[in-house]
Amino acid sequence: MRTSQLLLRSGLAAAAGAALAVSPAAAASGISVSTTGSTVSVTTSACTQVNGSWGTASLLNSSQANFAQGRQVTLSGTNSLQSAAWSNVSPGTYTVVVMCSNNATAGTQSVIVSTASTPTISATASPSRGVMGGLGGGIKDYGPLTLGAGAALVGIGGIAAAWFLRRRAKPYRL
């Protein structure tokens with residue numbers, strides 16, 4: 002009885018701690034923003050289609066205060082995922098706001114576009130003769146005479162090894 006009450010109390014305390022650990026700001030944002038070079042893209046699944054439109058996304062720089070002042074792009078997508086993208090965005094800190102077609106805000110998120118450039122990779126010429134190593138002549142096509150001589154040498158080596166080992170196994174005689 003005492004053990005079950007202790008387990009019940011510790012379980013309730015753990016559940017309360019887990020509920021407090023989730024911040025409301027992390028749970029409230031219904032958008033996901035990413036950058037690739039000078040392109041900023043946003044995805045959401047919070048909007049519903051009204052009169053053929055999913056809604057609008059706006060990219061605001063630090064000097065713009067409201068949704069209408071930003072670079073606006075119409076959302077496109079399906080019932081499960083809607084997206085928008087801005088290209089040729091100059092470096093800086095921006096705020097992405099997604100407004101669904103029913104005038105509900107899907108979410109707001111800040112994003113930083115960096116000035117990092119893509120490294121240039123150049124190809125180098127390969128050696129003209131290739132690597133000087135390999136199978137030791139195993140690729141060359143030999144004739145029947147060469148193959149016969151090689152087989153004879155392998156056979157003689159095998160017979161000599163068997164003879165040597167057989168002779169060692171016999172007891173020493175005077």
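The working numbering applies: residue 2 is where the sequence shown begins, and numbers increase by one. Cβ atoms here follow ideal geometry from the backbone N, Cα and C, with glycine treated the same way.
Assignment of beta-bridge partners to Trp87 by DSSP yields Val41.
The Cβ atoms of Val99 and Ala107 lie closer than 8 Å to each other.
When the Cα atoms are used, Ile32 and Gln110 turn out to be separated by approximately 7 Å.
By the criterion of at least three beta-carbon pairs nearer than 8 Å, the region 63-73 is not in contact with the region 141-152. Around the C-beta of Ser59, 16 or more other C-beta atoms lie within 10 Å, and the residue is accordingly described as buried.
Setting aside the 5 residues that flank it on each side, Ala86 is surrounded in the same chain by Thr40, Val41, Ser42, Val43 and Val74, each with a C-beta closer than 8 Å to its C-beta; the list follows chain order.
Sixteen is the threshold: since fewer than 16 other Cβ atoms of the shown chains lie within 10 Å of the Cβ of Val155, the residue is exposed.
As far as DSSP is concerned, Gly144 takes part in no beta bridge.
Looking at the backbone, the Cα of Cys48 and that of Val34 are separated by about 15 Å.
Excluding residues up to 5 positions away in sequence, Gln73, Thr75 and Met100 lie with their Cβ nearer than 6 Å to the Cβ of Thr57 in the same chain.
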